[in-house]
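**Q** Here the sequence shown stands for residues 512 to 631, where the numbers follow our numbering. We put the beta carbon where it would ideally sit given N, CA and C, even for glycine. Please read all numbers here as calculations on a predicted model, not as lab measurements.
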Amino acid sequence: MSDPWLWLRFFKLVGVLALAMGIAVALMGGTPAIRRRAAYWLATPGFLLTALAGFGLVRATGASLGAPWISGSLVLGLLAVDLAVSSVEPGRSRSGLRAVACVSSLLAALALMVWRPGAT
512 MSDPWLWLRF FKLVGVLALA MGIAVALMGG TPAIRRRAAY WLATPGFLLT ALAGFGLVRA
572 TGASLGAPWI SGSLVLGLLA VDLAVSSVEP GRSRSGLRAV ACVSSLLAAL ALMVWRPGAT
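(1) Since residue 623 is in the alpha helix (DSSP H), which residue starts that stretch and which ends it?
(2) If we count Cβ pairs, one from each stretch, closer than 8 angstroms, do we get three or more for the region 603-613 versus the region 551-564?
(3) Tell me, please, whether the region 616-625 touches the region 566-574 by the rule of three or more beta-carbon pairs shorter than 8 angstroms.
(4) Output the boundary residues of the alpha helix (DSSP H) element that contains residue 552.
(5) For the alpha helix (DSSP H) holding residue 590, just list the boundary residues, first then last.
(6) Under 6 angstroms Cβ to Cβ from residue 627, same chain only, skipping five residues before and after it: list those, please.
(7) Given that a residue counts as buried once 16 or more other Cβ atoms are within 10 Å of its Cβ, and exposed if not, what is residue 630?
(8) Reducing DSSP to helix, strand and coil, say where residue 603 ends up.
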């Protein structure tokens with residue numbers, strides 16, 4: 512009736528959207544409380560959903576978790592979440608360099624997930 516592959520892809524897409532929206536609001540949102548909520552309650556669960564659905568997709572395809580594009584996208588995604596969460600810590604001012612690093616690591620992670628260099 513339903514294909515698990517499609518559900519995993521759907522959940523991964525939802526996770527990526529939540530991650531990207533959480534990072535965007537955490538970096539550009541209005542009040543510090545809204546920025547913290549976006550980082551903690553949107554970006555972080557979005558990363559977890561993306562990673563879990565990605566693990567399911569990797570398991571379904573039989574690919575190795577040690578593939579460079581998989582480990583690279585996990586590390587870069589985690590770096591993006593870490594930079595977003597650290598940018599909303601109380602007493603920390605907004606930093607353009609941190610925002611650029613956060614968005615760049617997110618885009619690089621997404622590029623690895625889409626193009627999968629070295630995958631067969």
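**A** Walking through what the data contain:
(1) 607-626
(2) no
(3) Not touching, per the Cβ criterion.
(4) It is not in any alpha helix (DSSP H) - residue 552 carries neither H nor E in the DSSP assignment.
(5) 579-598 is the extent of the alpha helix (DSSP H) around residue 590.
(6) 580
(7) exposed
(8) coil
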